[in-house]
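Residues in the sequence shown are numbered from 2 upward in steps of one, following this note's numbering.
Glycine included, C-beta positions come from ideal geometry on N, C-alpha and C.
Just so it is clear, the structure is predicted and the values come from calculations on it, not from any experiment.
Written below as structure tokens is the structure these notes are about.
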Amino acid sequence: MPAVVTYWAEHAWLPGADAPAVAPEVLIEAGPDGRITAVTPRSGPCPAGAVRLAGLTLPGQANAHSHAFHRALRGAVQVGSGTFWTWRDTMYQVAAALDPDRYLALATAVYAEMALAGITAVGEFHYLHHAPGGVRYADPNAMGAALVEAAARAGIRITLLDTCYLSAGFGAAPTEPQLRFSDGDADAWAARADALKDTGHARIGAAVHSVRAVPAEQLDTVAHWAAVRRAPLHVHLSEQTAENEACLAAHGVTPTRLLADHGVLGPRTSAVHATHLTEEDQRLLAGSGTTVCMCPTTERDLADGIGPARRLASLGSPISLGSDSHAVIDPFEEARALELDERLRTRTRGHWTAAELLRAGTEDGHASLGWPEAGRLAAGALADFCTIALDSVRTAGPGPELGAETAVFAASAADVRHLVVGGRHVVADGVHLGVPDVGRALVEAISALR
Ligand SMILES: [Zn+2]
2 MPAVVTYWAE
12 HAWLPGADAP
22 AVAPEVLIEA
32 GPDGRITAVT
42 PRSGPCPAGA
52 VRLAGLTLPG
62 QANAHSHAFH
72 RALRGAVQVG
82 SGTFWTWRDT
92 MYQVAAALDP
102 DRYLALATAV
112 YAEMALAGIT
122 AVGEFHYLHH
132 APGGVRYADP
142 NAMGAALVEA
152 AARAGIRITL
162 LDTCYLSAGF
172 GAAPTEPQLR
182 FSDGDADAWA
192 ARADALKDTG
202 HARIGAAVHS
212 VRAVPAEQLD
222 TVAHWAAVRR
232 APLHVHLSEQ
242 TAENEACLAA
252 HGVTPTRLLA
262 DHGVLGPRTS
272 AVHATHLTEE
282 DQRLLAGSGT
292 TVCMCPTTER
302 DLADGIGPAR
312 RLASLGSPIS
322 LGSDSHAVID
332 PFEEARALEL
342 DERLRTRTRG
352 HWTAAELLRA
362 GTEDGHASLG
372 WPEAGRLAAG
382 ALADFCTIAL
392 DSVRTAGPGP
402 ELGAETAVFA
412 ASAADVRHLV
422 VGGRHVVADG
432 VHLGVPDVGR
442 ALVEAISALR
């Protein structure tokens with residue numbers, strides 16, 4: 002890689018003294034360490050030697066909540082009706098067909114799809130640890146290693162959120178599908194997770210699958226592990242009212258209160274979904290600095306409900322966004338859904354600005370994944386960015402000064418023309434440079450599971 006790569010952005014969304022704004026004709030220099038060394042306005046055409054990025058350049062999108070193998074369910078779970086719980090049965094069938102090689106192929110294709118959608122970092126909430134029946138692989142982290150390698154092949158960053166998943170429900174031993182998820186107890190989970198190390202493109206975090214899946218007295222062990230490593234800690238929270246009811250029956254408190262009492266909440270923690278919360282739950286999350294990761298396209302797909310994201314943000318929780326089950330992979334759809342769902346719920350408009358929604362998908366999303374040095378176009382930040390076309394059938398018309406509003410409320414993943422990660426061009430003119438036919442890769446990886 003040359004010492005410095007210079008990108009010329011036709012328009013770029015830059016942090017400002019008052020608020021971020023779209024600036025015309027900006028040079029973005031990426032140094033050999035993969036960080037931005039300078040962001041400079043430069044009027045006139047693209048200079049010789051610079052890489053031209055036509056359209057609007059944004060910070061890279063952070064997909065803060067992913068289960069890569071759920072991508073194989075797309076379409077298949079839209080036949081008939083069913084519930085969250087029947088959806089989960091189908092998901093377990095797909096999981097049963099995966100081994101490290103198949104997961105490497107599938108996740109490589111899925112992460113390449115993410116790259117094409119403008120995503121530069123993914124938070125993989127990973128619990129499919131073991132072989133069928135719970136048999137350990139020769140490398141007990143073979144599945145996690147496959148995900149880390151997949152992200153490298155797809156050219157994006159990953160935070161592997163190694164997930165503790167021990168029980169089928171409150172006080173219930175794991176059943177057949179869940180044997181692959183369980184390490185036995187939280188100490189054994191921690192011992193296995195200890196062997197995972199950060200690399201250039203990958204950071205290791207922890208996750209509590211849910212209060213259903215980790216017994217209360219073992220939550221502290223996971224929280225302690227993350228605290229010692231200063232690692233991100235994620236947890237599924239109150240996606241379904243059934244979880245709240247079972248938690249109240251087992252412990253006499255809400256899931257949020259249980260997590261708070263066992264040290265799980267805090268500024269390095271992200272609570273995923275947080276759909277059905279009491280007033281006290283909301284204050285516990287915001288007061289502890291816990292990020293709330295909303296996954297609107299999955300939450301609508303699974304008929305979960307609309308979480309109180311606006312209220313949580315107003316109380317002080319940072320918000321991040323994830324595509325979770327990958328019913329679709331489109332960070333712009335996730336962002337606008339936050340506002341549009343709120344409009345339907347309240348029958349009023351204007352809850353979030355486009356800038357606030359872009360911040361959730363970029364800077365706050367990266368912070369939620371333990372990459373606080375990414376998510377903004379500024380000197381010193383990681384040189385991770387994406388460029389959307391402003392002349393597609395979806396985005397043409399509004400002036401570039403409305404670029405943020407156009408990106409959030411009109412653009413789709415199909416409008417992403419370029420992706421740069423660590424200064425390296427990963428997607429150019431809409432083509433993935435490492436996985437040339439992503440559609441074909443998805444077909445092959447998914448059909449291998451049938
Ligand atoms: Zn999830």
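- Go ahead and pull the three-state DSSP assignment for S369. Translated into positions along the sequence shown, residue 369 becomes position 368. Three-state result, S369: helix.
- Along the chain, where does the alpha helix (DSSP H) that runs through C248 open and close? Here the question's residue 248 lines up with position 247 in the sequence shown. Its alpha helix (DSSP H) spans residues 242-252.
- Message: Report the start-end ranges of each beta strand (DSSP E) in the segment 357-434 that is 3 residues or longer and not cut off at the edges.
- Response: 386-389, 417-422, 425-429
- H71 to G61 span [Cα, whole Å]: Residue mapping note: residue 71 aligns to position 70 of the sequence shown, counting from 1. Residue mapping note: residue 61 aligns to position 60 of the sequence shown, counting from 1. The straight-line gap from Cα to Cα measures roughly 23 Å.
- Would you say the beta carbon of D140 comes nearer than 6 Å to a heavy atom of ligand 1? Residue mapping note: residue 140 aligns to position 139 of the sequence shown, counting from 1. No; taking the cut-off as 6 Å, the Cβ of D140 has no heavy atom of ligand 1 nearer than that.
- Item | Cα-Cα separation, A227 to Y166 | Walking along the sequence shown from the start, residue 227 turns up at place 226. Walking along the sequence shown from the start, residue 166 turns up at place 165. A227 and Y166: Cα-Cα distance of roughly 15 Å.
- Task: May I ask which residues mark the beginning and end of the alpha helix (DSSP H) holding P332?
- Result: Counting from 1 along the sequence shown, the entry for residue 332 is found at position 331. Looking at the DSSP string, the run of the alpha helix (DSSP H) that includes P332 is 332-347.
- When every heavy atom of ligand 3 is checked, does at least one fall within less than 6 Å of the C-beta of D325? Looking for ligand 3 in the displayed structure turns up nothing; the ligands present are ligand 1.
- Shortest alpha-carbon distance to V436 belongs to which of L105, A196, H127, A155? In the sequence shown, residue 436 corresponds to position 435, counting from 1. Closest by alpha carbon: A155.
- Task: Look at A208 and L162 and say whether their C-beta atoms are less than 7 Å apart.
- Result: What you label residue 208 is simply residue 207 of the sequence shown in a count that begins at 1. What you label residue 162 is simply residue 161 of the sequence shown in a count that begins at 1. Closer than 7 Å, so yes.
- Same chain, Cβ closer than 7 Å to M92, five either side skipped, listed in chain order: Residue numbering aside, residue 92 sits at position 91 when the sequence shown is read from its first letter. These residues qualify, in order along the chain: H71, L74.
- Message: Going by DSSP, what residue range makes up the alpha helix (DSSP H) through R75?
- Response: One-based indexing of the sequence shown puts residue 75 at position 74. From DSSP, R75 is part of no alpha helix (DSSP H); its letter is neither H nor E.
- Counting only beta-carbon atoms, is A152 nearer than 7 Å to chain D? The chain labelled as chain D is not found in the depicted structure, where only one protein chain is given.
- Item | Beta-carbon gap between C387 and L59 smaller than 7 Å | Position 386 of the sequence shown holds residue 387. Position 58 of the sequence shown holds residue 59. Cβ distance < 7 Å, so C387 and L59 count as in contact.
- Item | Exposure label - F333; buried when at least 16 CB within 10 Å | Here residue 333 is taken as the residue at index 332 of the sequence shown, counted from 1. F333 comes out buried.
- Query: Are the segment 442-450 and the segment 94-114 in contact at 8 Å, needing three or more beta carbon pairs?
  - Reply: yes
- Taking just the CA atoms, how far does R213 sit from I330? Counting from 1 along the sequence shown, the entry for residue 330 is found at position 329. Counting from 1 along the sequence shown, the entry for residue 213 is found at position 212. Distance between the alpha carbons of I330 and R213 is about 27 Å.
- Compute the beta-carbon to beta-carbon distance between A275 and L238, rounded to the nearest angstrom, for a pair I have assumed lies under 8 Å. Position 274 of the sequence shown, counted from the start, is the residue given in the question as residue 275. Position 237 of the sequence shown, counted from the start, is the residue given in the question as residue 238. Sure, about 5 Å apart at Cβ, within 8 Å.
- Query: With C-beta atoms as the reference, is V428 less than 7 Å away from H419?
  - Reply: The residue given as residue 428 occupies position 427 in the sequence shown. The residue given as residue 419 occupies position 418 in the sequence shown. Yes, the Cβ-Cβ distance between V428 and H419 is below 7 Å.
- Could you have a look at G135 and say whether DSSP puts it in helix, strand or coil? Position 134 of the sequence shown, counted from the first residue, corresponds to residue 135. Residue state, collapsed to three classes: helix.
- Query: H225 lies in the alpha helix (DSSP H); which residues open and close that run?
  - Reply: On the sequence shown, position 224 is the one that residue 225 refers to. Start and end: 217-230.
- Message: Rounding to the nearest angstrom, what Cα-Cα distance links N64 and A355 in this structure?
- Response: Translated into positions along the sequence shown, residue 64 becomes position 63. Translated into positions along the sequence shown, residue 355 becomes position 354. Each residue's alpha carbon lies about 18 Å from the other.
- Query: Taking the C-alpha atoms as reference points, what is the distance between A147 and P399?
  - Reply: Sequence index remark: in the sequence shown, residue 147 carries index 146 (1-based). Sequence index remark: in the sequence shown, residue 399 carries index 398 (1-based). Approximately 43 Å, taken between the alpha carbons.
- Can the beta-carbon of S326 be found closer than 7 Å to that of T292? Residue 326 sits at position 325 when you count from the first residue of the sequence shown. Residue 292 sits at position 291 when you count from the first residue of the sequence shown. Result no, Cβ atoms of S326 and T292 do not sit closer than 7 Å.
- Message: I'd like the list of long-range same chain contacts for L129, defined as Cβ closer than 8 Å, with 5 residues on each side in sequence excluded.
- Response: Stepping through the sequence shown from its first residue, residue 129 is reached at position 128. These residues qualify, in order along the chain: F70, A96, L99, Y104, M144, R181, F182.
- Which whole-angstrom value describes the C-beta separation of W88 and V80, a residue pair presumed to lie in contact below a C-beta threshold of 8 Å? As a first step, residue 88 must be located in the sequence shown, where it is residue number 87. As a first step, residue 80 must be located in the sequence shown, where it is residue number 79. So it is not a contact: roughly 11 Å between Cβ atoms.
- Whole alpha helix (DSSP H) runs in the segment 134-185 with 4 or more residues, listed along the chain? 143-155, 177-180
- Option nearest H85 by Cα separation, candidates T255, S324, E244: Here residue 85 corresponds to residue number 84 of the sequence shown, with the count starting at 1. The residue asked about is misnamed: residue 85 is Phe in this sequence, not His. If we check each option's Cα against that of F85, E244 comes out closest.
- Can you tell which of E445, V421, D430 has its C-alpha closest to the C-alpha of E30? By one-based count along the sequence shown, residue 30 stands at place 29. Closest by alpha carbon: V421.
- Item | Alpha-carbon spacing of D414 relative to A113, whole angstroms | Working through the sequence shown from its first residue, we reach residue 414 at position 413. Working through the sequence shown from its first residue, we reach residue 113 at position 112. The sequence given here places Ala at residue 414; Asp does not occur at that position. If I take the Cα positions, the gap works out to 12 Å.
- Item | Spatial distance of A132 from T407 (CA atoms) | Position 131 of the sequence shown, counted from the start, is the residue given in the question as residue 132. Position 406 of the sequence shown, counted from the start, is the residue given in the question as residue 407. Whole-angstrom Cα-Cα distance: 46 Å.
- Item | Proximity of S321 and S369 at Cβ, strictly below 7 Å | On the sequence shown, residue 321 is found 320 positions in, with the first residue counted as 1. On the sequence shown, residue 369 is found 368 positions in, with the first residue counted as 1. Yes, these two residues count as a Cβ contact at 7 Å.
- Task: Would you tell me roughly how many angstroms separate the C-alpha atoms of E445 and T279, rounded to the nearest one?
- Result: As a working note, residue 445 is residue 444 in the sequence shown. As a working note, residue 279 is residue 278 in the sequence shown. Answer to the nearest angstrom: the Cα atoms are 45 Å apart.
- Task: Check the DSSP bridge columns for S321 and list the partner residues they point to.
- Result: For the purposes of this step, residue 321 is identified with residue 320 of the sequence shown, where counting begins at 1. DSSP output for S321 lists C294 as bridge partner(s).
- Task: Buried or exposed for R348, please, with buried defined as at least 16 other CB atoms from any protein chain shown within 10 angstroms of its CB.
- Result: Here residue 348 refers to the residue found at position 347 of the sequence shown. Burial call: exposed.
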